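**Student:** Quick one: structure below, then a few questions.
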Amino acid sequence: MGQSSAAVLEPHRARHPLNSPIRAEPAPTAPDHTPASWRILIVESNAAEAETLAHGLRRHGHEVDIVATGRDALHTYRTADLVLLDLELPDLDGLEICRRIRAAGELPLIAVTARGSELDRVLGLQAGADDYLAKPYGFRELMARMEAVMRRACPQPSAAATAITCGPLHIDAGTRKVTLDGRPVETTRKEFDMLYLLASHPGTVIPRKELMQRVWGDSWSRRTVDTHVSTLRGKIGASWIITVRGVGFRFGPG
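If you're matching positions, the sequence shown starts at 3 in our numbering and goes up one per residue.
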């Protein structure tokens with residue numbers, strides 16, 4: 003990535019001399035409300051830009067992973083709800099990464115890059131990006147674009163969507179909210195979809211492959227579901243999701 007470009011995330015104060023790289027810092031205000039928590043993968047070779055962006059996203063309640071190369075992105079993206087992809091990477095062409103991710107499924111992806119010409123935008127969108135944002139950019143604009151992409155990828159259920167209550171655990175498909183003992187449990191989009199699917203079939207063992215295909219589409223791996231099950235158990239307790247060895251998972255009482 004060009005060294006002269008830097009993502010302008012929010013109004014900030016320079017903390018370095020003028021001859022040093024400027025590191026944008028989010029303003030120390032309360033985070034804006036966001037309707038959901040997502041697991042976001044940042045693919046960015048500039049460590050300072052990646053950390054600054056990750057800091058802002060975490061302040062808004064999102065889980066963030068960072069990788070610096072295209073190869074790492076291809077090994078990691080299946081556990082994400084949304085990918086923010088820089089197109090200038092040290093090992094592989096960003097457009098090719100975009101094509102591979104899109105060929106594997108419908109994972110939301112936004113190209114965030116210094117390539118800002120009309121041709122670059124066209125190529126990025128043709129490669130499969132859901133949106134394209136050129137640097138420098140405003141953090142609030144990025145958040146708005148992320149929310150728009152996620153709305154298209156995961157439309158809200160109708161008002162008649164079913165809510166499931168099992169003891170202290172309440173799962174509301176209409177609002178996509180989970181509470182345990184009356185306390186809210188923050189879940190990512192895929193975590194909620196997986197939990198709701200299992201809870202919709204209490205006592206039924208759902209095969210691993212079926213679970214992955216219904217939640218993640220055609221792009222799935224054993225590590226993807228295991229990672230999400232482990233994270234979800236950490237949030238609601240291990241006894242709600244029971245592993246049936248060699249088959250899959252079932253929903254069980256806490």
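Ideal Cβ placement from N, Cα and C applies to all residues, glycine included.
If you're wondering where the values come from, they're calculated on a predicted model, not measured in any experiment.
Please work out which residues of its chain come closer than 7 Å, Cβ to Cβ, to residue 193, disregarding the five sequence neighbours upstream and downstream, and give them in chain order.
**Tutor:** The residues are 230, 233, 234.
**Student:** Just verifying my parser: in three-state terms, what is the DSSP assignment at residue 217?
**Tutor:** Note: residue 217 maps to helix in three-state DSSP.
**Student:** Within the same chain, show all residues whose beta-carbon is closer than 7 Å to that of residue 146, passing over the 5 residues directly before and after it, in chain order.
**Tutor:** The answer is none, since no qualifying residue turns up.
**Student:** Return the bridge partner residues of residue 90 from the DSSP annotation.
**Tutor:** According to DSSP, which records beta bridges pairwise, residue 90 is partnered with 95.
**Student:** Which value, in whole angstroms, describes the spacing of the CA atoms of residue 117 and residue 88?
**Tutor:** When rounded, the distance between both Cα atoms is 9 Å.
**Student:** Apart from the five residues on each side of it in sequence, which residues of its chain come closer than 8 Å, Cβ to Cβ, to residue 209?
**Tutor:** Taken in chain order, the residues that qualify are 249, 250.
**Student:** Report yes or no: do the stretch 97–104 and the stretch 58–71 share at least 3 C-beta pairs separated by less than 8 Å?
**Tutor:** These segments do not touch.
**Student:** Would DSSP call residue 193 helix, strand or coil?
**Tutor:** The answer is helix: DSSP assigns residue 193 an H, G or I state.
**Student:** How about residue 173 and residue 198: are their beta carbons less than 8 Å apart?
**Tutor:** Yes, the Cβ-Cβ distance between residue 173 and residue 198 is below 8 Å.
**Student:** Is the beta carbon of residue 182 sitting closer than 8 Å to the one on residue 196?
**Tutor:** No, Cβ-Cβ distance for residue 182 and residue 196 is not below 8 Å.
**Student:** If we call anything under 8 Å between Cβ atoms a contact, is residue 40 one with residue 191?
**Tutor:** Cβ atoms of residue 40 and residue 191: closer than 8 Å.
**Student:** Who are the Cβ neighbours of residue 47 in its own chain at under 8 Å, not counting the five residues just before and after it?
**Tutor:** The residues are 3, 70, 71, 88, 90, 91, 92.
**Student:** Taking DSSP as the reference, what is the three-state secondary structure of residue 127?
**Tutor:** Residue state, collapsed to three classes: helix.
**Student:** Relative to the C-alpha of residue 136, which residue among 113, 225, 148, 202 is closest?
**Tutor:** Nearest C-alpha to residue 136: 113.
**Student:** Keeping to the same chain, check which residues put their C-beta closer than 8 Å to that of residue 187; ignore five residues upstream and five downstream.
**Tutor:** Taken in chain order, the residues that qualify are 180, 181, 237, 238.
**Student:** Helix, strand or coil, according to DSSP, for residue 237 in the structure here?
**Tutor:** DSSP places residue 237 in helix when its eight states are reduced to three.
**Student:** Kindly list the residues whose CB is nearer than 8 Å to the CB of residue 245, restricted to its own chain and excluding five residues on each side of it in sequence; keep chain order.
**Tutor:** So the qualifying residues of the chain are 231, 251.
**Student:** What are the start and end residues of the alpha helix (DSSP H) that includes residue 56?
**Tutor:** 49–61 is the span of the alpha helix (DSSP H), which, as asked, contains residue 56.
**Student:** To the nearest angstrom, how far is the alpha carbon of residue 255 from that of residue 166?
**Tutor:** About 13 Å.
**Student:** Quick one: is residue 132 buried, meaning 16 or more other Cβ sit within 10 Å of its Cβ, or exposed?
**Tutor:** It is buried - the Cβ of residue 132 has at least 16 other Cβ atoms within 10 Å.
**Student:** Is it right to say residue 82 is buried, meaning 16 or more other beta carbons lie within 10 angstroms of its own, or is it exposed?
**Tutor:** Classification for residue 82: buried.
**Student:** Just checking my contact of residue 96 with residue 111 at CB under 8 Å: how many whole Å lie between their CB atoms?
**Tutor:** Not quite, the Cβ-Cβ distance comes to about 11 Å (not below 8 Å), so this is no contact.
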